[in-house]
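The structure appears right after this line, and notes come after that.
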DNA sequence: GTCTATAGAACGATAGAC
DNA sequence: GTCTATCGTTCTATAGAC
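Chains as they are written, first to last, in my numbering: chain A, 152 to 379; chain B, 152 to 379.
What follows is the structure, encoded as structure tokens:
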């Protein structure tokens, strides 16, 4: 809150914790490494945050708040642009995936550090996960669920829930991974090219969301030749 | 390898390690909890596997080998069924995602334990990740990349690499998460219903893979109204 | 092949001086 | 607000008896 010349201890602790939690996860990171990296010590971390778990939540809350604001602002924009009814699905998706991907790529850690942390969240213990998802992410989740509901009127509620699950899974799965794309493309695609990621990701997600419905019966394995 | 009456120590250690690594990750799980859960002790784990890291790799290798065989068998089947040229994309995808999802759901831990472990892999330290992906998963990756290349002749190599990245990210992201689908559907969708997951996932992935190409220039954010 | 016992290091947390 | 020092616990790994 207060403005100190270069960076205050609290901020240095958050920055260092972000790097270590991203690289090694909640259990893999240690307060000793974090505090020494922040040019501070164990006692400082406990003074400012109380516990390792509270530090973790603080790290995420600091990043998620501006991202949520940007996501909602862009959704407002998209919805008011389309004063007529049909809100373009691609624009909703870009408002959803763009802010976290961009923020993740440009944060303090330098490169793709925060992105890894976002990708890790879904594997962290349920206690941590719930504090984030039911807290800072709650409104964003509800607003975008409603927007997708309007953009995809033909899907049942169950189908839409499955597909939102897939959309979030794709985004976080992509955020979590730093090696796979390079491996799959023999080094020709660059995962740190965020604009490229968004330009490829949005049409993929839109295509998946708009896909023909799942067959209600066809043994699921021999789904066979349909469309195109 | 040897057949002992109920289960030998080595197998009990693998089973217990699978549960703990899935639930808490590599760093979060401890050999003490694992060995006591397996009715054994620290020394037994080191005798059979050498180190915690080797135990982790052994846990994954045990599961991945039969899954890889099943994936490749089903891909062979699909390709020979389609003696004519166009192999149905949905069938290739079902051969890719079905075996790990089914195996993950029916393994020792009872429920979705192994699935969580698969989902975690992409966040584990690179040293662990590489030992799996460059080892037991190598041939599977190459064979399916070739199959998708043939099924989607209109995509450039770069676009295909991006989209395979998204497909794997979606699958592992979905595997990693146990809470999100229930939250998004207010409890109406069941993530442990594997047939349902596959029936929903395959059309989503096919729709994404077949989507219109990404716009090469349009500010990426205002992708605007196109198609449908 | 399985055990007990323990070495040796790292962990989160806290007390108390400044 | 930041530090040093330390408590009490837990960790992986290993030595050596059986």
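For each residue, glycine too, the CB sits at the ideal point set by N, CA and C.
Quiz item: Hey, does residue 330 (chain B) have any beta-carbon neighbour from chain A nearer than 8 Å?
Solution: yes
Self-check item: Cross-chain neighbours of residue 236 (chain A) in chain B, by beta carbon under 8 Å
Solution: Correct list: empty, because the minimum Cβ distance to chain B is about 12 Å.
Quiz item: Hey, residue 365 (chain B) and residue 184 (chain A): beta-carbon distance below 8 Å or not?
Solution: no
Practice problem: Using alpha carbons as the reference points, say which of A:289, A:276, A:339 and A:357 lies closest to residue 173 (chain B). | Solution: A:276
Quiz item: What number of angstroms, rounded off, separates the C-alpha of residue 197 (chain A) from the C-alpha of residue 203 (chain A)?
Solution: 8 Å
Practice problem: Step through the CB atoms of chain A and report whether any lies within less than 8 Å of the CB of residue 184 (chain B). | Solution: no
Practice problem: Report the residue from B:265, B:337 and B:211 whose alpha carbon sits nearest the alpha carbon of residue 253 (chain B). | Solution: B:265
Quiz item: Should residue 357 (chain B) and residue 354 (chain A) be called a contact, given that it needs their Cβ atoms to be closer than 8 Å?
Solution: no
Quiz item: Which of helix, strand or coil does DSSP assign to residue 228 (chain B)?
Solution: helix
Exercise. Alpha carbon to alpha carbon, how far is residue 237 (chain A) from residue 302 (chain A)? Give it in angstroms, no decimals.
Key: 7 Å
Exercise. Could you list the residues in the segment 252–282 of chain B with a C-beta less than 9 Å from some C-beta on chain A, going in chain order?
Key: 267, 270, 271, 273, 274, 275, 276, 277, 280 and 281
Quiz prompt | Nearest to residue 109 (chain A) (by Cα), restricted to the options A:210, A:225, A:171 and A:359 | solution = Past the boundaries of the shown model lies residue 109 (chain A); chain A is included only from 152 to 379, so the question cannot be answered.
Quiz item: When burial is assigned at 16 or more other CB atoms within 10 Å of the CB, is residue 261 (chain B) buried or exposed?
Solution: With a pLDDT of only 49 at residue 261 (chain B), under 50, the local geometry of the prediction cannot be trusted, and the value read off the model is given with reservation. It is exposed - the Cβ of residue 261 (chain B) has fewer than 16 other Cβ atoms within 10 Å.
Exercise. Could you have a look at residue 158 (chain A) and say whether DSSP puts it in helix, strand or coil?
Key: coil
Quiz item: Is there at least one Cβ from chain B nearer than 8 Å to residue 220 (chain A)'s Cβ?
Solution: no
Quiz item: Listed from N- to C-terminal order along the chain, which residues in the segment 340–359 of chain A have their beta-carbon within a distance smaller than 7 Å of any beta-carbon of chain B?
Solution: 340, 346, 349, 350, 351, 352, 353, 354, 355, 356, 357, 358 and 359
Practice problem: Determine the direct distance from the alpha carbon of residue 305 (chain B) to that of residue 199 (chain A), and round the result to whole angstroms. | Solution: 55 Å
Quiz item: How is residue 343 (chain A) classed by DSSP in three states: helix, strand or coil?
Solution: coil
Quiz item: chain A partners of residue 319 (chain B), CB-CB under 7 Å?
Solution: 331
Quiz item: Nearest-angstrom Cα distance between residue 169 (chain B) and residue 343 (chain A)?
Solution: 33 Å
Quiz prompt | Residue nearest to residue 165 (chain A) in terms of C-alpha spacing, selected from A:347, A:232 and A:188 | solution = A:188
Quiz item: Whose CA, out of B:316, B:191 and B:179, lies closest to the CA of residue 207 (chain B)?
Solution: B:179
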